[in-house]
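*Asks:* Please read through the structure below; I'll follow up with questions.
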Amino acid sequence: MKAFEYATARSLDSAPQLATDNGHYFAGGNDLLGRMKDYITDAKILVNIKSLPGLDQIESGRDHWTLGALVTIAQIENHPGIKKVFPGLHEAAAEVGSQQIRNVATLGGNLAQHSRCWYYRHRDIVCLKKGGDTCYARHGDNRYHSLFTGNTCISPVVSNLGTALAALDATAIVRRSGKEARLSMSELYHRAWENPLAHNSLDPGDLILKVEIPTARGRSAYLQVSDKHAFDWALVSCAVAAQVSGGRLRRPRVALGCISPVPYQVEAANDFLDGKTLDEATVSKAADLVLANAQPLEFNGYKVPLAHALIRRALLKLKG
Ligand SMILES: Cc1cc2nc3c(=O)[nH]c(=O)nc-3n(C[C@H](O)[C@H](O)[C@H](O)COP(=O)(O)OP(=O)(O)OC[C@H]3O[C@@H](n4cnc5c(N)ncnc54)[C@H](O)[C@@H]3O)c2cc1C
Ligand code: SF4
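Heads up: the sequence shown begins at 123 in our numbering, then just goes up one per residue.
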């Protein structure tokens, strides 16, 4: 690891100022320190944001809940209210890495973690995402890569929380140039859809402050399949959320993780599910719609039936 400076931000104004000269925000450090040790990220200064006031709170409300960016994944996993009101978010948190990781990893860091593509994570490989001119995964070992992408990089977003929050229609509140910007989960990742250099839509200095989650969708679920039972990212994940009244879905949302640079949603599938009761034929049709434009590569075709099964099973969980 190269030498770096270290500073602790005490206010929201000072954090971006300290990070101006190739600084990186340092929260739990699970992703950032790994990248620095592997010579992927070369930070001049680490700006510790863990002392920023007020960002470690979970606040419940009638219309929405607010989770600060410094709330740990373990706090989300273990909060009894979250388990009751947003079971899909609880399930997504409980699947992250390992207990030790969840104890220190933060919501903001989980949303802003970088690509897990093994070419990107190799110190000597300069692929498109590092400013090179080749995507080594496209014609290489792409077993963990995307089925959908809007650009030449096929690295998927792997944040469990991002996927669950997309289905719940959550909004990230980001401090940008001294003001607060509100970004849907789609907007938080949209830049990665169109630009191979991007991991998300954050500009340098942007600080995720909190996430607002509407309570309107009273039922939610999250499922994933991984190679390993723990200490691993998902191969495919699926989050669903809806209001269920009289057995019918209202405002349903299906979001897939690990198959696209954004939590992947298809409006036609959400529209199809709206007003429907849940049975095998309905969930199967919805899964068909979500996956209609999948573009499997040489080694990741297995993700299509996996995603299909996860969508069906997750939707059926909404029956309660
Ligand atoms: C073995 C292993 C298994 C894992 N499995 C999973 C998994 O299954 N699912 C999953 O989702 N994740 C998984 N992870 C990733 C882990 O959850 C993330 O690394 C962690 O959540 C990052 O949070 P952190 O607080 O440690 O972030 P840090 O490492 O401190 O920061 C990560 C990045 O986010 C930026 N950042 C941090 N906070 C903010 C903020 N508030 N605003 C703007 N930028 C910010 C940092 O500058 C950095 O670029 C795994 C990690 C490991 C090591
Ligand atoms: S998928 Fe993206 S991160 Fe991986 S090698 Fe290709 S350009 Fe690089």
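Virtual Cβ for every residue (Gly too), placed ideally from N, Cα, C.
1. Relative to the alpha-carbon of Ile195, which residue among Ala416, Arg373, Val376, Ser281 has its alpha-carbon at the smallest distance?
2. Under 7 angstroms between the Cβ atoms of Ser173 and Arg224?
3. Here's a check: name, in chain order, each residue in its chain whose Cβ is nearer than 7 angstroms to the Cβ of Asp178, leaving out the five neighbours to either side.
4. Look up Tyr424 in the DSSP assignment and say whether it is helix, strand or coil.
5. Under the assumption that Asn273 contacts Glu316 (Cβ atoms under 8 angstroms), give the Cβ distance between them as a whole number of angstroms.
6. Buried or exposed: where does Pro383 fall if 16 or more other Cβ atoms within 10 Å of its Cβ makes it buried?
7. Helix, strand or coil, according to DSSP, for Asn232 in the structure here?
8. Determine the direct distance from the alpha carbon of Lys350 to that of Val362, and round the result to whole angstroms.
9. Is the CB-CB distance between Ala292 and Val358 below 7 angstroms?
10. Following the continuous beta strand (DSSP E) through Ile204, name the residue where it begins and the one where it ends.
11. Name the DSSP bridge partner or partners of Ser367?
12. Just how far apart, CA to CA, sit Asp410 and Ala216?
13. What would DSSP say about Trp187, mapped onto helix, strand or coil?
14. Leaving out five residues on either side along the sequence, give the residues of the same chain with a beta carbon under 6 angstroms from the beta carbon of Gln387.
15. Evaluate Arg434 with the Cβ neighbour count: other Cβ atoms within 10 Å of its Cβ, from every protein chain shown; 16 or more gives buried, anything less gives exposed.
16. Based on Cα-Cα distance, which residue from Gly156, Ser220, Trp187 lies nearest to Phe353?
17. Report yes if the CB atom of Gly254 is closer than 7 angstroms to the CB atom of Ala149, and no otherwise.
18. DSSP state of Gln417, grouped into three classes?
19. With DSSP collapsed to three states, give me the class of Gly156.
20. At which residues does the beta strand (DSSP E) containing Ile335 begin and terminate?
21. Please work out which residues of its chain come closer than 8 angstroms, Cβ to Cβ, to Arg238, disregarding the five sequence neighbours upstream and downstream, and give them in chain order.
22. Residues bridged to Cys257 by DSSP?
23. I want to check one thing, is the minimum distance from the CB of Ser277 to the heavy atoms of ligand 2 below 6 angstroms?
24. Please name the residue, chosen from Leu432, Gly423, Ala429, Leu371, that lies closest to Lys441 on a Cα-to-Cα basis.
25. Report yes if the C-beta of Ala259 is less than 6 angstroms from at least one heavy atom of ligand 2; otherwise report no.
26. Taking the C-alpha atoms as reference points, what is the distance between Ile303 and Arg297?
*Replies:* A quick look at the data gives this:
1. Ranking Ala416, Arg373, Val376, Ser281 by Cα distance to Ile195 puts Ser281 first.
2. Cβ atoms of Ser173 and Arg224: not closer than 7 angstroms.
3. In the same chain as Asp178, and ignoring 5 residues on each side of it, the C-beta atoms closer than 7 angstroms to its own belong to Gly190, Leu192, Val193, in chain order.
4. Three-state result, Tyr424: coil.
5. Indeed, because the Cβ distance is near 6 angstroms, the residues count as touching under 8 angstroms.
6. Burial state of Pro383 is buried, judged by a 10 Å Cβ sphere holding 16 or more other Cβ atoms.
7. Three-state result, Asn232: helix.
8. Distance between the alpha carbons of Val362 and Lys350 is about 23 angstroms.
9. Cβ distance not < 7 angstroms, so Ala292 and Val358 don't count as in contact.
10. No beta strand (DSSP E) holds Ile204; the alpha helix (DSSP H) holding it covers 202-207.
11. Arg370.
12. Spanning the two alpha carbons is a distance of roughly 28 angstroms.
13. For Trp187, the three-state secondary structure derived from DSSP is strand.
14. Closer than 6 angstroms at Cβ, skipping near neighbours: Ala377.
15. By the 10 Å Cβ count, Arg434 comes out buried.
16. Selection Gly156, Ser220, Trp187 evaluated against Phe353 yields Ser220 as nearest (Cα-Cα).
17. Result no, Cβ atoms of Gly254 and Ala149 do not sit closer than 7 angstroms.
18. Of the three classes helix, strand and coil, the one that applies to Gln417 here is coil, per DSSP.
19. Note: Gly156 maps to helix in three-state DSSP.
20. Ile335 -> beta strand (DSSP E) spans 329-336.
21. Cβ within range, chain order: Tyr266, Ser277, Val280, Trp355.
22. Cys257 pairs with nothing; no bridge assigned.
23. Yes - ligand 2 has a heavy atom lying nearer than 6 angstroms to the Cβ of Ser277.
24. The shortest Cα separation from Lys441 among Leu432, Gly423, Ala429, Leu371 belongs to Leu371.
25. Under cutoff, so the answer is yes.
26. For the record, residue 303 in the displayed sequence is Ala; it is not Ile. Ala303 and Arg297 have their C-alpha atoms some 6 angstroms from each other.
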